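Trainee:
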Amino acid sequence: MNSTANVALIVVVVIYVLARQLRARQITGDIRRMLVIPAILAVIGLRDQHLLDHAHQTTSAVLLVIGIVLEVAMGFAWGFTTRIWRDASGAVWSKGTVATAAAWIGMLLVRVLLAVVGRGMGIPLSQGSIMLSLAALLLVRTAVVTWRARELQPSYGVPAAG
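Every letter in the sequence shown is one number past the one before it in this note's numbering, and letter 115, counting from 1, is 119.
1. Check Gln30 in the structure and name its three-state DSSP category.
2. Can you look up Ile48 in the DSSP assignment and give me helix, strand or coil?
3. My output table needs one value for Ser133: the three-state DSSP class, helix, strand or coil.
4. So, with DSSP's three-state summary, where would you put Ala23?
5. Give a yes or no on whether the minimum CB-CB distance between Ser98 and chain D is below 9 angstroms.
6. Could you tell me how far apart the beta carbons of Met111 and Met78 are, in whole angstroms, since I believe they sit closer than 8 angstroms?
7. Within its chain, find whatever has a CB closer than 7 angstroms to the CB of Pro42; leave out the 5 residues flanking it on each side and keep chain order.
8. Just the C-alpha distance for Val11 and Gln131, rounded to the nearest angstrom, thanks.
9. Mapping the DSSP letters down to three states, classify Ile72 as helix, strand or coil.
10. Helix, strand or coil for Ser93? Go by DSSP, reduced to three states.
11. Give every residue of the same chain whose Cβ lies closer than 6 angstroms to the Cβ of Arg87, excluding the five residues on either side of it in the sequence, and list them in chain order.
12. Measuring only the C-alpha atoms, how far is Gln30 from Tyr20?
This is the structure:
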């Protein structure tokens, strides 16, 4: 994919994910469906010819790993700030909260900070690193929300004895 298509893909994915996360939606538990977007982003990111700066391979690899580790941490934050509940019928739902939006803002600030640090070292931020980081973020967030949803106790609609 060319540079413009990569940027467009990143923007579309971010808008799509944000729009979905900030409204209530039922968790279906279809793991394959939840893995599609992170898998596509990871494959495209790994195919990026400029994933590592050829003049600064070690430093750019360190920045890439730091970026992915920070995005994984943000994925945990995002997953744990998502509200999860079971309705009267037993269906599990999720919705992002104000804290979820704050986690997204934090993620964007971290990404900008890494770009500034890299630029200061003469290492441009590659679109592949953004895609890999976004894939890690989405994968971890999905894993955390899925795990939390499975931990919910069933709602049987039976009043407590007493």
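Quick reminder that beta carbons are idealized off the backbone N, C-alpha and C, glycines included. In this text the structure is predicted, and so the values were computed from the model without any measurement.
Mentor: Let's see:
1. Note: Gln30 maps to strand in three-state DSSP.
2. Here Ile48 sits in helix by DSSP.
3. Of the three classes helix, strand and coil, the one that applies to Ser133 here is helix, per DSSP.
4. In the three-state reduction of the DSSP assignment, Ala23 falls in the helix class.
5. Of the chains in the structure shown, none is chain D; there is only one protein chain.
6. Between Met78 and Met111 the Cβ distance is about 4 angstroms, and since that is below 8 angstroms, they are a contact.
7. Within the same chain, Pro42 has close Cβ partners Ala139, Leu142 and Leu143.
8. Cα-Cα distance, rounded: 7 angstroms.
9. DSSP places Ile72 in the helix class (H, G or I) of the three-state scheme.
10. Coil, per DSSP.
11. Taking Arg87 as the centre and dropping the five residues before and after it, the same chain places the C-beta of Lys99 and Thr101 closer than 6 angstroms to its C-beta, in chain order.
12. For Gln30 and Tyr20, the distance between alpha carbons rounds to 16 angstroms.
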